[in-house]
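> The following block contains the structure, expressed as structure tokens.
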Amino acid sequence: MSEIHVVGGGLAGSEAAFQLAERGHRVVLHEMRGVRGTPAHQTDRLAELVCSNTFKSTELTNAHGLLKAEMRLLGSLVLRGADEARVAAGSALAVDRDLFSAFVHERVTAHPLITVTREEVTAVPASPCLIATGPLTSDALAESVRARLGVQSLAFYDAIAPIIAVESIDQSVAFRAARWDKETMPASGAEAEAGCGAGEGESRASAPHSASSPAPGSGAYLNCPMDKPQFEVFIDALTAADQFTAHEFDSAPYFEGCMPVEEIARRGRESLRFGPMKPIGLRDPRTGKRPWAVVQLRAEDRAGRMWNIVGCQTRLRIPEQQRVFRMIPGLENAEFLRFGSIHRNTYLNAPGALTPHLSLRDDPMVLFAGQLTGVEGYTESTATGLVAAINLSRLLRGDEPIVPPVDTMLGALYRHLRDADPAHFQPMNANFGLLDELADPPRDKHKKRELYAERSLAAMRVWMAEHGLA
Ligand SMILES: Cc1cc2nc3c(=O)[nH]c(=O)nc-3n(C[C@H](O)[C@H](O)[C@H](O)COP(=O)(O)OP(=O)(O)OC[C@H]3O[C@@H](n4cnc5c(N)ncnc54)[C@H](O)[C@@H]3O)c2cc1C
1261 MSEIHVVGGG LAGSEAAFQL AERGHRVVLH EMRGVRGTPA HQTDRLAELV CSNTFKSTEL
1321 TNAHGLLKAE MRLLGSLVLR GADEARVAAG SALAVDRDLF SAFVHERVTA HPLITVTREE
1381 VTAVPASPCL IATGPLTSDA LAESVRARLG VQSLAFYDAI APIIAVESID QSVAFRAARW
1441 DKETMPASGA EAEAGCGAGE GESRASAPHS ASSPAPGSGA YLNCPMDKPQ FEVFIDALTA
1501 ADQFTAHEFD SAPYFEGCMP VEEIARRGRE SLRFGPMKPI GLRDPRTGKR PWAVVQLRAE
1561 DRAGRMWNIV GCQTRLRIPE QQRVFRMIPG LENAEFLRFG SIHRNTYLNA PGALTPHLSL
1621 RDDPMVLFAG QLTGVEGYTE STATGLVAAI NLSRLLRGDE PIVPPVDTML GALYRHLRDA
1681 DPAHFQPMNA NFGLLDELAD PPRDKHKKRE LYAERSLAAM RVWMAEHGLA
């Protein structure tokens, strides 16, 4: 029996090691904490939660709740640990972090087919292997992965802007147009390594226009026009809003292209009007005039259901993001599918560099899992560890790799990692915007989500039965 090397004993790596061992494979799990720390972890326990103690909602009408329900069907160890360590937090699955990691640590280290070694892995191991070293992957390994993929860089400051559900954007106010009516251009692979989200015609001259979801003949962007008083009120709110203070290890200077929007605004009241919110080349069809300022939204997915507020990477606290960005005309009722954030992150440009089952393109048995693949969050990272283990086990038996169907939240996440525009690829969390629309969607949002959940769980059960996972 060949040994499988799993690198990284975080959420994804612990889940994957356990799942592989349960499928009869001998696993060596390499975890560097114990001999070398990370800037965020505090202990040498496996599956340590680096920050908050919640896996978010358990409700099926919440995207994170649905993802968890799918993972429970697949038998997630991490979720069992979370259930064991659950503390009262309403419908959220919050945990006692020590009890949680102790549970997972115990199950993994006690497994007869798993050996845990404490060492920093500095190069991509021989296949079969699974790399799940997370957002704080050590430099030496990151460099080895970078070289193996043949890309320019891996380390990003992960500066992400909020994403808004299309149906919550008031399109009687927000108008579709590209600056100067320019047609959209396909993104070139060479630009796929660009870090932060530059907007249309912004200072990062190499930033391509989005190839995603242009409405034919009407421009690829949704433009929210502001008059002068609206702009002034917005700037006041933005600069005064409450923000997260940096973790000590995150206090490195911002890359210029990753400057939080509130920081740009603080540098000068007009700076956004000459930067990401500049109005030139745009006319509001309602007035025929150039607005005072324009907030542009760019489609994140090919179906045009998720829209990124361009240039609005932010450190504002979540309620403040809701309050301030809903002041933008057209976004008064914005539904946030993902909130903005800025933190140090190392992740791969999965759509540009990996296979659909998240392996190297030249070796299907060198897989990646966890936050390193471009998913965001505890649950999402764990879920990719689970699927990676299923696939490595299949490959070792001579079967083809598989991913869950796109009607499931997990499958939709994988589709995003496969199909997203590499030029604008940013980490993604579970959200309903990833799923295809229902054939006959009800108007009621809650009902609609119930139907999504029903469809997802049914699809997951069928898929599991087809592949002997039930
Ligand atoms: C500061 C910070 C705060 C965050 N807060 C949250 C939050 O509140 N909620 C949330 O959902 N998500 C949060 N995230 C994202 C979070 O990191 C992921 O959701 C999750 O921990 C990722 O799981 P993972 O298994 O991919 O990586 P991790 O859990 O980080 O595990 C990776 C493991 O690999 C090990 N490792 C790294 N390099 C090597 C190497 N070369 N050799 C051997 N071992 C190595 C590390 O020590 C670590 O144990 C945060 C991330 C950061 C950086």
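To get the numbering used here, take the position in the sequence shown, counting from 1, and add 1260. Backbone N, C-alpha and C define an ideal beta-carbon position, used for all residues, glycine too.
#1: Go to F1596, then tell me how far its beta strand (DSSP E) extends in each direction, as first and last residue.
#2: What are the boundary residues of the alpha helix (DSSP H) that includes Q1556?
#3: Is any heavy atom in ligand 3 found nearer than 7 Å to the beta carbon of P1395?
#4: What residue range is occupied by the uninterrupted beta strand (DSSP E) comprising F1315?
#5: Distance check for P1489 and S1531, CA to CA, integer angstroms please.
#6: Checking 8 Å against the spacing of the C-beta atoms, do F1596 and I1424 come in under that value?
#7: Here's the rule I'm using: 16 or more other beta-carbon atoms within 10 Å means buried, otherwise exposed. How should H1285 be labelled?
#8: Once you ignore the five residues that flank T1377 on each side, which residues in its own chain have a CB closer than 8 Å to its CB?
#9: With respect to 7 Å, is the separation between the Cβ of S1641 and the closest non-hydrogen atom of ligand 1 below this value?
#10: Once you ignore the five residues that flank T1382 on each side, which residues in its own chain have a CB closer than 8 Å to its CB?
#11: Note down the Cα distance separating R1406 from Q1412, rounded to an integer number of angstroms.
#12: Check each candidate in A1272, L1498, G1268 and name the one with the smallest Cα separation from E1379.
#13: Please state whether the Cβ-Cβ distance between V1355 and R1346 is less than 8 Å.
#14: May I have the straight-line CA-CA distance separating Q1573 from Q1686, to the nearest angstrom?
#15: My assumption, with CB atoms under 8 Å, is that L1327 sits in contact with E1640. Please give the rounded CB distance.
#16: For A1450, name the three-state secondary structure that DSSP assigns.
#17: I'd like to confirm something about S1432: is its beta-carbon nearer than 7 Å to some heavy atom of ligand 1, or not?
#18: Does DSSP put M1688 in a helix, in a strand, or in coil?
#19: Between the C-alpha atoms of M1625 and A1613, what's the straight-line distance to the nearest angstrom?
#20: If we count the other Cβ atoms within 10 Å of its Cβ and call it buried at 16 or more, is S1448 buried or exposed?
#21: Can you tell me the Cα-Cα spacing of D1681 and E1560, whole angstroms?
#22: How about G1645 and E1275: are their beta carbons less than 8 Å apart?
#23: Count the other CB atoms, across all protein chains shown, that sit within 10 Å of the CB of W1723; report buried if there are 16 or more and exposed otherwise.
#24: Is the segment 1601-1619 close to the segment 1692-1701, with three or more CB pairs under 8 Å?
#25: Please state the DSSP three-state secondary structure of L1233.
#26: For G1634, verify whether its CB is less than 7 Å away from any heavy atom of ligand 1.
#27: What does K1549 pair with, by DSSP beta-bridge criteria?
#28: Could you please give the first and the last residue of the uninterrupted beta strand (DSSP E) stretch that includes T1606?
#29: May I have the straight-line CA-CA distance separating R1527 from T1321, to the nearest angstrom?
#30: Answer with buried or exposed for A1392, where buried requires no fewer than 16 other C-beta atoms within 10 angstroms of its C-beta.
#31: In terms of alpha-carbon separation, which member of S1361, T1303, A1648, Q1581 lies closest to V1259?
#32: Looking at C-alpha atoms only, which residue of T1615, D1623, S1601, G1630 is the closest neighbour of Y1607?
#33: Let's test the definition: count the other Cβ atoms within 10 Å of the Cβ of W1440 and tell me whether it reaches 16, buried, or not, exposed.
#34: Which class does F1363 belong to by DSSP, given the choice of helix, strand or coil?
With the structure as the only source:
#1: 1596-1598
#2: It is not in any alpha helix (DSSP H) - Q1556 instead sits in the beta strand (DSSP E) that spans 1553-1559.
#3: Ligand 3 is absent from the structure shown, which contains only ligand 1.
#4: 1314-1317
#5: 16 Å
#6: yes
#7: buried
#8: V1288, L1289, H1290, E1291
#9: Checking the Cβ of S1641 against ligand 1 gives yes.
#10: S1398, A1400, L1401, S1404
#11: Cα atoms of R1406 and Q1412: separation of roughly 7 Å, rounded to the nearest angstrom.
#12: Closest option to E1379, Cα to Cα, is G1268.
#13: A contact, by the Cβ cut-off of 8 Å.
#14: Separation of Q1573 and Q1686 (C-alpha to C-alpha, rounded to the nearest whole angstrom) is 11 Å.
#15: 7 Å
#16: Reliability fails at A1450, whose pLDDT of 25 lies under 50, so the model's placement of it is uncertain and the value that follows must be treated cautiously. Helix.
#17: No; taking the cut-off as 7 Å, the Cβ of S1432 has no heavy atom of ligand 1 nearer than that.
#18: strand
#19: 15 Å
#20: Any reading at S1448 needs caution, since the residue's pLDDT is 28, under 50, leaving its predicted position unreliable; the model's value is listed next. Exposed: under 16 other Cβ atoms inside 10 Å.
#21: 8 Å
#22: Yes.
#23: buried
#24: no
#25: Absent from the structure is residue 1233, since the part of the chain shown begins at 1261 and ends at 1730.
#26: no
#27: D1544
#28: Per DSSP, T1606 belongs to the beta strand (DSSP E) from 1601-1606.
#29: 41 Å
#30: buried
#31: Outside the displayed span of the chain (1261 to 1730) sits residue 1259, for which this structure offers no information.
#32: G1630
#33: exposed
#34: Looking at F1363 - three-state DSSP - the assignment turns out to be helix.
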